[in-house]
Each structure stands twice: as C-alpha cells, then as structure tokens.
C-alpha cells in the first residue's frame, strides 16, 4: 500500500459523498428522524460486526456522553458489547439471532435501529433489521457499494460509494459523526 494512494482513495470517496445530493439529503432525513424519536421519548439502537461494531459503539458514545458540547445524555444502546448475552443467544438460538433477540427485548415502536455493515450481507444484521421492521422500529442502514439484502429491507439507507472496507468504515463513522452533530444541535439548541 502506498500512503498517498490510500489517502487519495479516502478523499475521492468523501468527495463523492459531498457531491451526492441523495446521500446528503438522506443524512439530514435520518438525523431528523432521530431527533423526532428523541422528542417522543424513544431511543437509538446500533449494531455491527468487527470494525462496524466499533463504529456502532462510537455512535452510541457520542449520543450518550456528548459530541460537541455538554448536555443531557441521549438514550442509546449498542447491541455488541454484552459478551455473555451475545454468546448465550448465539449458543441457544444461533449467531443469526444475536442482535434480533436483543431488539425484541429492547426495541419499541418509534425507536431507531442503525445497522452498520460494510458488505450488507451479515446474517445477524439482516435478521435484526427484519425484526426491527416488524416491531415498528425505524431501520437505518450504513453499507458499502454492494448489492445486498440490507438495501432491500432498511427503510433508510446510505450506500458509501466504495467497495474498499477500510474506506467504507472511515466514511460510515464520518456520517455517524455528522448525524450525531445534527441530532445534538436539533435537540439542545
């Protein structure tokens, strides 16, 4: 890997996002949906696998703690962090159920579930989105530029214009930061 080539690929993807009005409008729409959910007493749930799990945790950290300024915490749960629960569900019901079962336990109509997957093919994420949709939880997908089941099932979707996993992840967390900033500002200013 050449350093400058990698940086250039990252810039190219972010420039494509910057110039895509559909993505920009969807980011704003998702932020407004989350703001509305919070104003109605609902919460945000997030999940992902691998690096996407870390991004899901990161978003929850920004919502519960703070993003740009001190303020009251916002209700958010990340579904990857309880290893005894994840292993129990996986052992008893199968890995595909690892997030869906948690959504059944913690999701309510009006909540928002942010599903993060670079490929859009993760069976446990797909099952979680299907479960959330059935419960009336608004589903948001952050995926890479792949044809996937999540593209068909998420109510709101942002497709990062890249097929390179690290570049997709960088862009997903950038979008997560933007959403957190818009939500924080929309609720507290």
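In my numbering, the protein residues as written are 506 to 694.
Don't be surprised by glycine CBs; every beta carbon is placed ideally from N, CA and C.
Everything numeric in this text was worked out from a predicted model, so none of it was measured.
{"Query": "Beta-carbon contacts of residue 560 that lie in its chain and below 7 Å, excluding the five residues immediately before and after", "Result": "553, 621, 674, 677, 678 and 681"}
{"Query": "Top-ranked residue by Cα proximity to residue 702, from 574, 633 and 606", "Result": "Here the chain covers residues 506 to 694 and nothing more, so residue 702 does not appear."}
{"Query": "For residue 646: DSSP bridge partner residues", "Result": "620 and 662"}
{"Query": "Per DSSP, the bridge partner or partners of residue 549", "Result": "581 and 617"}
{"Query": "Secondary structure of residue 596, DSSP reduced to three states", "Result": "helix"}
{"Query": "Residue 609 versus 519, 627 and 641, residue with shortest Cα-Cα distance", "Result": "641"}
{"Query": "Distance between residue 526 and residue 668 (C-alpha atoms, nearest Å)", "Result": "20 Å"}
{"Query": "Rounded straight-line distance, which links the Cα of residue 670 to that of residue 625", "Result": "11 Å"}
{"Query": "Span of the alpha helix (DSSP H), counted from its first residue to its last, around residue 606", "Result": "605-611"}
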